[in-house]
Amino acid sequence: MPRSNRPRGRRREEPEALDLARATAGFKRTEVKRDGDWYVQPQRADSAVKAYTCPACGLEIGAGVAHVVAWRADGILGDADALAARRHWHTHCWRIRP
Ligand SMILES: [Zn+2]
-16 MPRSNRPRGR RREEPEALDL ARATAGFKRT EVKRDGDWYV QPQRADSAVK
34 AYTCPACGLE IGAGVAHVVA WRADGILGDA DALAARRHWH THCWRIRP
């Protein structure tokens, strides 16, 4: 069996990996939405130092409010441009996004 020392991905089925992901909230994950695949990175309250406008509801996400950052995982422009176009969403607004 080939071994990998890469810290990300591919080991979701292992209980250790699940515990690690839970322990390190702020871990990037991939979610499938109706319009494609997205990278989603939870932002903890203590690391949310700026206010943002949520693209779903148009309301402010205040500094110190836990939320999620999302950008396209299947962007035709490439990961760098997709990351540059990332948006900050209320956790709830992202969760209910189709
Ligand atoms: Zn919102």
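Each residue of the sequence shown is one higher than the last, beginning at -16 in my numbering.
Here a beta-carbon is modelled for each residue, glycine too, at the ideal position from N, C-alpha and C.
Computed from a predicted model, the values in this text were never measured in an experiment.
Keeping to the same chain, check which residues put their C-beta closer than 7 Å to that of residue i; ignore five residues upstream and five downstream.
{"i": "GLN86", "result": "The shown model of the chain, from -16 to 81, leaves out residue 86, and the question about it has no answer."}
{"i": "GLU14", "result": "TRP21 and VAL23"}
Assuming residue i contacts residue j (C-beta within less than 8 Å), just tell me the rounded distance between them.
{"i": "ALA68", "j": "TRP54", "result": "6 Å"}
{"i": "ILE44", "j": "HIS71", "result": "6 Å"}
Might you give, ordered along the chain, the residues of its own chain that have their beta carbon closer than 6 Å to the beta carbon of residue i, omitting 5 neighbours on each side?
{"i": "GLN26", "result": "HIS50 and VAL52"}
{"i": "ALA65", "result": "TRP54, ARG55 and GLY58"}
{"i": "VAL32", "result": "ALA46"}
In chain order, what residues of the same chain lie with their CB nearer than 8 Å to the CB of residue i, ignoring the 5 residues before and after it?
{"i": "LYS16", "result": "ARG80 and PRO81"}
State the beta-bridge partners of residue i as determined by DSSP.
{"i": "HIS50", "result": "GLN26"}
Checklist line | Pocket of ligand 2 (residues with CB nearer than 5 Å to any heavy atom), chain order | finding: Although ligand 2 was asked about, the structure shown includes only ligand 1 as ligands.
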